[in-house]
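Going letter by letter, the sequence shown gives residues 1 to 117 in full-length UniProt numbering. Just so you know, even glycine gets a beta-carbon here, dropped at the ideal spot from N, CA and C.
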Amino acid sequence: MPDVNQQRFNERVKKIAHKADPNVRVERRVSKDGLVVEVARRKRKTRLIPYKSILIAATLFVTVKGFILAELGEAVYVNRIETMRSGSAGEIAAAFLLDMDPATKAIAQLLDRFVFE
Numbered sequence: 001m002p003d004v005n006q007q008r009f010n011e012r013v014k015k016i017a018h019k020a021d022p023n024v025r026v027e028r029r030v031s032k033d034g035l036v037v038e039v040a041r042r043k044r045k046t047r048l049i050p051y052k053s054i055l056i057a058a059t060l061f062v063t064v065k066g067f068i069l070a071e072l073g074e075a076v077y078v079n080r081i082e083t084m085r086s087g088s089a090g091e092i093a094a095a096f097l098l099d100m101d102p103a104t105k106a107i108a109q110l111l112d113r114f115v116f117e
């Protein structure tokens, strides 16, 4: 028959080792009877690609393009993009990114209606 104290000791050692694992975070919670209990939880894996940040940056970029298009007007904006297309490699890349798309046009029309009138 195994020793009960040895079994409890092994359980406590296992819990301590689990809490010491770097992939585990320890949260302290108050149980129903008022005792503070440590609960070991696994850390969430972080994503390699921050999709939310990329989506926010793209949305802000399109919004800024819409502001610029609404402020300058379509003719001036297209003229400046065409000027950039005849420049260096960096200007060509910028012209590609700043070219009008349906989302930019929609934002510019919305801003023209409410802000720039």
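Given that a residue counts as buried once 16 or more other Cβ atoms are within 10 Å of its Cβ, and exposed if not, what is residue i?
i: Y77; result: buried
i: A70; result: buried
Beta-carbon within less than 7 Å of residue i's beta-carbon, same chain only, minus the 5 sequence neighbours each way: which residues are those?
i: G66; result: T104, I107, A108, L111
i: V30; result: V36
i: G90; result: none
Give me whichever residues DSSP pairs with residue i in a beta bridge.
i: R41; result: R25
i: V30; result: V36
Over what stretch of residues does the alpha helix (DSSP H) that includes residue i continue unbroken?
i: V13; result: 4-20
i: T46; result: Taken as a continuous stretch (DSSP letters only), T46 belongs to no alpha helix (DSSP H), as it is neither H nor E.
i: V76; result: 74-85
i: G112; result: A small fix is needed here, since residue 112 is Asp in this sequence, not Gly. Unbroken alpha helix (DSSP H) run through D112: 102-114.
Which same chain residues end up closer than 6 Å to residue i when comparing Cβ atoms and leaving out the 5 residues on each side of it in sequence?
i: V26; result: K19, E38, A40
Using a Cβ-Cβ cut-off of 8 Å (strictly less than) and excluding sequence neighbours within five positions of residue i, which residues of its own chain qualify?
i: R8; result: none
i: R28; result: V36, V37, E38, V39
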